[in-house]
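Working notes for the structure below.
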Ligand SMILES: [Zn+2]
């Protein structure tokens, strides 16, 4: 089978690797229908994350179950399934509390930008659609593997609810999904910080009530203008850089909560949070916890997070997919094996 391997900064290649096989009786093998490149894959592509040796890459997927191990009960061969960017057993005490991203029996995959994927913990990881989805639903469903679940987690972590004012820092796919999540969860004001016209438009389509193009103190001042001079009730930090984390703090009102889902590459001083009574919550999203609810919203046609895919390429052009996202020519690239 063909699978994407990262060799180092700026160097991803589609290579032939052995087909994955059932190793544990709880495994399944999924034939990928669609996969994609994640903003977090770019950390290594840009040389910010280490690549000590060539390694299979990608962690977002949806596809058709091709094989199941002897102990798999919840999914069958032929079903269309989605799994989160980590696998989890969904039965241990941690998972039962809804923290599946921290399942002690879970972990990552051996690369999902591939034609076939071995899914450990298949019963706890995969969620099947009731019937085979239409072509048009595939992009929406694929986002539930990571970006939509991650944006949702930012909003849930920050306690977003009806009537609240929410600022979203970051206009990548996760930030845009966080806008959609905040609107779905009933926020009255959803303020998206973005200076890119195409992303601003999509943010408005997803429910943003205001766009702020300014950054740093000028951006925070604009937020205060919209929030009775005090800042937002909740801030969703969807980037992870120190600049984004400090921007989130600057936009938060006293007593606010920051929901953070960007891979942290910077500090957020605890003393600054303390003196302003600002809480910090979030982390890697327990996508599995949100998958059934978000799948229902997608299948009912109530949300279309798949609009974050503004470029679709065959898997053979995976190197171009990385280059397009790296240069911000594309928000997010959908890959078809
Ligand atoms: Zn678990």
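Numbering (this note's numbering), first residue to last: 3 to 339.
No residue lacks a Cβ here, since even glycine has one placed at the ideal position from N, Cα and C.
| Query | Result |
| --- | --- |
| Cβ neighbours of residue 249 in the same chain (closer than 6 Å, five flanking residues each side left out) | 171 |
| Segment contact, 8 Å Cβ cut-off, at least three pairs: the stretch 118 to 138 with the stretch 180 to 200 | no |
| Contacting residues, own chain, Cβ-Cβ under 6 Å from residue 270 (five flanking each side not counted) | 247 |
| With 16 other Cβ atoms within 10 Å as the buried cut-off, status of residue 52 | exposed |
| Neighbourhood of residue 345 by C-beta distance below 8 Å, restricted to the same chain and skipping five residues each side | Nothing can be reported for residue 345, as the shown portion of the chain is limited to 3 through 339. |
| Heavy atom of ligand 1 within 7 Å of residue 108 beta-carbon | yes |
| Nearest neighbour of residue 332, chosen from 20, 25, 28, 41 [CA to CA] | 41 |
| Among 121, 62, 184, the one whose alpha carbon lies nearest that of residue 21 | 121 |
| Pairwise C-alpha distance: residue 190 and residue 265 | 28 Å |
| Any non-hydrogen atom of ligand 1 closer than 7 Å to residue 127 Cβ | no |
| Neighbourhood of residue 205 by C-beta, 7 Å cutoff - its chain only, sequence neighbours within 5 removed | 173, 178, 181, 194, 196, 213 |
| Three or more C-beta pairs below 8 Å linking the stretch 25 to 41 and the stretch 324 to 338 | yes |
| Residues bridged to residue 334 [DSSP beta-bridge criterion] | 311 |
| For residue 294, the three-state DSSP class (helix, strand or coil) | helix |
| Completely contained alpha helix (DSSP H) runs for the stretch 220 to 255, where each covers 4 or more residues | 244 to 253 |
| Residue 208 - DSSP class collapsed to helix/strand/coil | coil |
| Given residue 91 as reference, the closest of 289, 33, 319 once Cα atoms are compared | 289 |
| Stretch pair the stretch 308 to 318 + the stretch 126 to 133: three plus CB contacts closer than 8 Å | no |
| Residue 46 classed as buried or exposed, judged by whether at least 16 other C-beta atoms fall within 10 angstroms | buried |
| Nearest residue (CA-CA) to residue 221, options 209, 291, 245, 208 | 245 |
| beta-carbon residue 28 near ligand 1 non-hydrogen atom, thresh 7 Å | no |
| Residue 104 to residue 263 span [Cα, whole Å] | 14 Å |
| The stretch 9 to 28 / the stretch 48 to 62 touching (three or more Cβ pairs under 8 Å) | yes |
| beta-carbon residue 91 near ligand 1 non-hydrogen atom, thresh 7 Å | yes |
| For residue 46, the three-state DSSP class (helix, strand or coil) | helix |
| Residue 202 beta carbon near ligand 1 (any heavy atom closer than 7 Å) | no |
| Residue 123 and residue 108 closer than 8 Å at C-beta | yes |
| Residue 97 - DSSP class collapsed to helix/strand/coil | helix |
| Beta-carbon contacts of residue 234 that lie in its chain and below 7 Å, excluding the five residues immediately before and after | 167, 168, 169, 193, 225, 253, 254, 255, 258 |
| Residue range of the unbroken beta strand (DSSP E) whose run includes residue 14 | 13 to 18 |
| Inter-residue Cα distance where the pair is residue 238 and residue 185 | 12 Å |
| Near ligand 1: residue 102 beta-carbon under 7 Å from a heavy atom | yes |
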